[in-house]
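Numbering-wise (full-length UniProt numbering), the sequence shown opens with residue 1 and increments by one. Scroll down for the structure; my scribbles are underneath it.
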Amino acid sequence: MPALLAEHPGCTRAQIEDFPSQPSLKNIQNSFYGRLPKQQHASLQEIAKAHIESFNWAMEEGLQLALNEINPLEFMIGKSRVKMIISKAEVYHPAVSRLAGNCRILQVYPKECRIRRISYRGKLDLTLDWWMNGIKQEPIKRTCGEIPIMVKSLKCNLYGLDPEQLVERGEEMEEFGGYFVVNGNEKVIRLLIMQRRNYPIAMARNGWKNRGSMFSEFGVSLRSCRRDQSAQNMVLHYLTNGTVQVMITYRKEVYFVPAVLLLKALVNKSDYDIYRTLTQGCENDSFYKGCITNMLRLVQNENILTHQDAKEFIGDKFRIKMYVAEWSSNADVCDQLLKRCVCVHLDSNEDKFNLMCFMVRKLFAVAKNKCALESADSTMNQELLLPGHIYLHILKEKIEGLLVGVKISIDKKIQRCGGDPNLLTINYSFMSNALGQAGDVTNAMNYFLSTGNLVSKTGLSLQQTSGFTILAEKLNFWRYLAHFRCVHRGSFFMEMRTTTVRKLLPEAWGFICPVHTPDGGPCGLLLHLSAMCEVVVKVFSTATIETTLRSLGMIAIGSLTEPDYESSYQVQLDGRCIGWVSEDDIEQLHVTLRYLKATGEANIPPTLEICVIPRTEQNSLFPGLYIFSTPARMMRPVLNNRTQTVEWIGTLEQVHMDICVIAEEAHELTTHQELRETAMLSVLANLIPWPDFNQSPRNMYQCQMGKQTMGSPMHTFRYRADNKLYRLMYPQSALVRPTSYDHFQMDEYPSGTNAVVAVISYTGYDMEDAIVLNKMSVERGFKAGVVYKTETINLRKLSGDVGVQTSCVFGRKAGDSELQKFVDVDGLPYIGSRVVQGDPVCAYINLTTGQLKTVRYYSTEPAIVHEVKILGNDSGTDTLQQIQLTYLIDRTPMIGDKFASRAGQKGICSALWPTESMPFTDSGMVPDIIFNPHGFPSRMTIGMVVESMAGKSAALHGYVHDASPFKFSEEYPSSAYFGELLQRAGYNYYGTERMYSGVDGREMEADIFFGVIYYQRLRHMVADKYQVRTTGPVDSLTRQPVKGRKRGGGIRFGEMERDSLLAHGTAFLLHDRLFNCSDKTLCQVCATCGSIISPLYAKPENSVVRVWTCSDCKSTKNIVVIPIPYVFRYLAAEMVSINMKIKMDVKSLEQYRMKEY
1 MPALLAEHPG CTRAQIEDFP SQPSLKNIQN SFYGRLPKQQ HASLQEIAKA HIESFNWAME
61 EGLQLALNEI NPLEFMIGKS RVKMIISKAE VYHPAVSRLA GNCRILQVYP KECRIRRISY
121 RGKLDLTLDW WMNGIKQEPI KRTCGEIPIM VKSLKCNLYG LDPEQLVERG EEMEEFGGYF
181 VVNGNEKVIR LLIMQRRNYP IAMARNGWKN RGSMFSEFGV SLRSCRRDQS AQNMVLHYLT
241 NGTVQVMITY RKEVYFVPAV LLLKALVNKS DYDIYRTLTQ GCENDSFYKG CITNMLRLVQ
301 NENILTHQDA KEFIGDKFRI KMYVAEWSSN ADVCDQLLKR CVCVHLDSNE DKFNLMCFMV
361 RKLFAVAKNK CALESADSTM NQELLLPGHI YLHILKEKIE GLLVGVKISI DKKIQRCGGD
421 PNLLTINYSF MSNALGQAGD VTNAMNYFLS TGNLVSKTGL SLQQTSGFTI LAEKLNFWRY
481 LAHFRCVHRG SFFMEMRTTT VRKLLPEAWG FICPVHTPDG GPCGLLLHLS AMCEVVVKVF
541 STATIETTLR SLGMIAIGSL TEPDYESSYQ VQLDGRCIGW VSEDDIEQLH VTLRYLKATG
601 EANIPPTLEI CVIPRTEQNS LFPGLYIFST PARMMRPVLN NRTQTVEWIG TLEQVHMDIC
661 VIAEEAHELT THQELRETAM LSVLANLIPW PDFNQSPRNM YQCQMGKQTM GSPMHTFRYR
721 ADNKLYRLMY PQSALVRPTS YDHFQMDEYP SGTNAVVAVI SYTGYDMEDA IVLNKMSVER
781 GFKAGVVYKT ETINLRKLSG DVGVQTSCVF GRKAGDSELQ KFVDVDGLPY IGSRVVQGDP
841 VCAYINLTTG QLKTVRYYST EPAIVHEVKI LGNDSGTDTL QQIQLTYLID RTPMIGDKFA
901 SRAGQKGICS ALWPTESMPF TDSGMVPDII FNPHGFPSRM TIGMVVESMA GKSAALHGYV
961 HDASPFKFSE EYPSSAYFGE LLQRAGYNYY GTERMYSGVD GREMEADIFF GVIYYQRLRH
1021 MVADKYQVRT TGPVDSLTRQ PVKGRKRGGG IRFGEMERDS LLAHGTAFLL HDRLFNCSDK
1081 TLCQVCATCG SIISPLYAKP ENSVVRVWTC SDCKSTKNIV VIPIPYVFRY LAAEMVSINM
1141 KIKMDVKSLE QYRMKEY
């Protein structure tokens, strides 16, 4: 394995260094298995590395950078000028108030927040600096709320703890954090796919034609990011008259400005200098030069001749939108616009000018088909929006809102004084009070994380406003890992009808897993990073890069030596044009710079991305040398063949490199080699045994079903308060598994059992993916599982108490013998007691009235009271007001439960067959599962066939077989290898055995494929899904049964079901379903006029008895009663409302007039 460079910080990865060469059982056979290790496993800690490091950066550096980006708020109070800024922010570790009594430890830990269903958050202190008439006043420091803290981050109380300390605090020994605890739920901020920052992308979109007159489909899009990682989008549009318009956005509004007008406002240069810069490299293109001349002339026609004229013109137009001080000049407004909306990643206007000139050249090249279009859906033009960055964006906006809130508070105080500000005394106390009334950020940050919805005045340059967070379900460990490695294209694309964004492009190789994506709606949008892919978070210094490039032959912009632009490549560093390199020197510069990066010399950052896009005979991408050192890029390690070291490469440079998978594929142009053949697979796809043997969709199914498996999701069941947790009681370590299984410590969280499987058509209950289970195996505990359900009972909510008021306490009366069977004297249930629906689970007494009330168990499933927790509050004063009950529900396998192998072969248990009726082998072996052989040909899951042979040989020889892909080939087949092992143990070479019928004992004519396969039990169980109803709630409007299992509703009997019964001629059954069991009602109809609306139950004149009377006919004689669906009566009433009458012919119903119903 190639050496990793010690001088490259952040590059050492357990994925590369500690990857096992073979799977082994030594971990679980070790005498130390089950004991706490001294340190956590690095492979699992790196799962949430991008989440934690981005949040750490946001708290350490980003927060101050964000405050620096907030514009000062300047306004007048009477005749005094006031200026305010938030100069400093400090975030504290989660803790209770020091004023709280009865608290020995002030630190709050995630375990307590999960159980009590509260948020894990720390205090935020802000420092307000303010000036009065230019004189700085005493700064004001205030606590402005509490913000959620990411678990295992620097601000978390778990940071730096070893496994033993973590277990003491109720956490997993391998806890890797990366999530927030909000209202007791673990929330993860999704990794979102965004356009690559600071890199102009040439695109064509038909929708751009609708933006205005003469707009074409061509444009160059730029997403630029500030130092605090907040982004701003701008697009240069090509118009059919040969001009360029720049689209900029500010507070969700779109504006179009001529490109040359912006260029004149950026720098104080003459039109000739602007013309020369724009035409660099295009000196021989007469059409392009004519367009530039025309654009300059159009600006001159508006009487905008100088740099100052351009700034005055732009400032005058944008003054009303920029929210600047009233005494600011138009030039100041223009400077503010250029700073906040134009190439915001650059500080210098000169650099912005050079980049915009580059974008104009690229735009004309793509419009005239001299440059290939680029795709925003291609991985090489994408990066990720990290959790810490978006968290910081939202926090920054809320802090900016606090600053505005101070001004609003001051305005209200002025209004209370009759509108005369001179009556106010502006001092420290006044401003401190105004800051205190400006609000806080607690609810806003809590709302974002709990719902995933973005409430923003600026939109943060994002296309979506929802779907930012997901619940980190611990259904099993596979699912939990996947939450931190998934990347989403964005909820905006879910609504698009095009499939372009869902396609898997070849540029994604090694970065995005081609297998791990769900089927259905999110297919191609919810993706997962490959196991070896990392996201850059640390920002390295680029101070030495320009010096190195100049020493290698780059001519810097502004130098005395002017290059031959037409035969030179422009050099960009993080979206800043820094120079030119001649065509003759570009290859040598590229090779040398990459060598310095791979060897760690010249202080070149290890995460530097170096991409040379060459000129070609055909029109390809716009040529140039592009260098990136920015965060949020996807990178992966490969072997540099020249230096024999590990080099990290990015998505854009990979497209222009020659990388072989194995050494035998290398040729004279090959520069790099993959570290492993499975580099393109995700963490979960790497856990599939021999995925190269299976049909591709089956591997996709297994990636999804693996996340739905009952297993061992955690070790801290007693410290959890999840609404529902699944647990497999007797999991096993797989005998056949890839090396990644050991690398990611899956023996700590197993999710299946080694089952003896016979592939045979037997009993007829195994058709259509159904499987037959051995009843005795199930009775011995095969696939036995339990479900943990948690219920919280709060007496304050039940009694409506507010503040310190306490009107109820848990308890029962001493002489209540009936209640004594269920609850103790403290009103709480007995641990270990069995409860059924309607049984009391706790009792409480109203202290005011002395009334005893109970809370009853509502579920239809019997359960065991597993644990009772008594909860308090932060101050320790709210005792015995809230409890939490955990129920244990048995889930022994039954008919209808779902099982699956790791090859994506899912099946439903169709029968629990008695073991004496099961087929058996010569040696007396009886299978646990009977699988139908017809499941193999169409699904082509050869990996499951090989696993059966490998599992059988592993059990016979005591081996653990490596099921990693690409281990076997046509020259070295797996069947031969495992066949020989079986023969050596005295079994059939092909994995078959002679079997006998368990019913009559006859030997079966065919040899039966018989082996050991690792089977999974899925969470889809009959007990969770069965639905039955006789009578129950009905809809108040239609009087038909409501839908929904939890509401006791029915299952919809629709048109297709109706057609099925009609086809079978079951008229009475159809009548029973759609009428008798639905909305049958008795209706009075007037036989004379045929109306079902006019009969009224009223008193006739001179009578005290009510009778049915037709209001139209004024008669009581011809009223008949008929049964009809109530919804028909509802329809008749609706028709009357639009002046239409339904008339019924009831002449044939005369014989039913006197019939009693």
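Glycine residues also receive a C-beta, built at the ideal position from the N, C-alpha and C atoms. All values derive from a computational prediction rather than experimental measurement.
Buried or exposed: which applies to residue i, given that a residue is buried once 16 or more other Cβ atoms fall within 10 Å of its Cβ?
{"i": "residue 527", "result": "buried"}
{"i": "residue 1137", "result": "exposed"}
{"i": "residue 1103", "result": "exposed"}
{"i": "residue 476", "result": "buried"}
{"i": "residue 974", "result": "buried"}
{"i": "residue 229", "result": "buried"}
{"i": "residue 1154", "result": "Because the pLDDT at residue 1154 is just 46, under 50, the model does not fix this residue reliably, and the point stays unresolved."}
{"i": "residue 696", "result": "exposed"}
{"i": "residue 1000", "result": "exposed"}
{"i": "residue 3", "result": "Bear in mind that a pLDDT of 42 at residue 3, under 50, signals an unreliable position, so the number given afterwards is only what the model happens to contain. The residue is exposed, with fewer than 16 neighbouring Cβ atoms inside 10 Å."}
{"i": "residue 902", "result": "buried"}
{"i": "residue 130", "result": "buried"}
Suppose contacts are defined by Cβ-Cβ distances below 9 Å. Is residue i in contact with residue j by that definition?
{"i": "residue 969", "j": "residue 28", "result": "no"}
{"i": "residue 738", "j": "residue 23", "result": "yes"}
{"i": "residue 830", "j": "residue 786", "result": "no"}
{"i": "residue 388", "j": "residue 688", "result": "no"}
{"i": "residue 196", "j": "residue 223", "result": "yes"}
{"i": "residue 884", "j": "residue 795", "result": "no"}
{"i": "residue 711", "j": "residue 1027", "result": "no"}
{"i": "residue 148", "j": "residue 180", "result": "yes"}
{"i": "residue 854", "j": "residue 843", "result": "yes"}
{"i": "residue 663", "j": "residue 1014", "result": "no"}
{"i": "residue 644", "j": "residue 660", "result": "no"}
{"i": "residue 1159", "j": "residue 58", "result": "Residue 1159 lies beyond the range of the chain shown here (1 to 1157); nothing can be said about it."}
{"i": "residue 77", "j": "residue 410", "result": "yes"}
{"i": "residue 568", "j": "residue 587", "result": "no"}
Using DSSP bridges, identify the partner residues of residue i.
{"i": "residue 853", "result": "844"}
{"i": "residue 570", "result": "580"}
{"i": "residue 758", "result": "930 and 1010"}
{"i": "residue 860", "result": "None; residue 860 has no bridge partner."}
{"i": "residue 107", "result": "95"}
{"i": "residue 1086", "result": "1119"}
{"i": "residue 648", "result": "637"}
{"i": "residue 705", "result": "Answer by DSSP bridge pairing: none, since residue 705 is not bridged."}
{"i": "residue 412", "result": "According to DSSP, which records beta bridges pairwise, residue 412 is partnered with nothing at all."}
Got a sec, what are the start and stop residues for the beta strand (DSSP E) residue i sits in?
{"i": "residue 39", "result": "First-last for residue 39: undefined, no H or E at that position."}
{"i": "residue 244", "result": "244-250"}
{"i": "residue 1109", "result": "1107-1110"}
How far does the alpha helix (DSSP H) with residue i in it reach, from first residue to last?
{"i": "residue 56", "result": "49-57"}
{"i": "residue 125", "result": "Where residue 125 is concerned, there is no enclosing alpha helix (DSSP H), although the beta strand (DSSP E) it sits in stretches over 121-132."}
{"i": "residue 788", "result": "Unbroken run through residue 788 is the beta strand (DSSP E), 785-794; no alpha helix (DSSP H)."}
{"i": "residue 478", "result": "477-485"}
Check your understanding: Between the stretch 960-979 and the stretch 669-683, do three or more beta carbon pairs fall short of 8 Å?
Key -> yes
**Study point:** the stretch 61-73 in contact with the stretch 388-397 per 3-pair CB rule at 8 Å
**Key:** yes
Practice item. Tell me, please, whether the stretch 430-443 touches the stretch 143-158 by the rule of three or more beta-carbon pairs shorter than 8 Å. Key: yes
Check your understanding: Per the contact definition of three or more C-beta pairs closer than 8 Å, is the stretch 448-464 in contact with the stretch 158-166?
Key -> no
Review point. Below 8 Å, can you find three or more Cβ-Cβ pairs linking the stretch 769-783 to the stretch 811-823?
Key: no
Practice item. Would you check if there are 3 or more beta carbon pairs closer than 8 Å linking the stretch 924-944 to the stretch 761-775? Key: yes
Check your understanding: Quick check: the stretch 479-490 against the stretch 186-196, are there 3 or more CB pairs under 8 Å?
Key -> yes
Practice item. Taking 8 Å as the threshold, find out whether the stretch 627-646 comes into contact with the stretch 569-578 through three or more Cβ pairs. Key: yes
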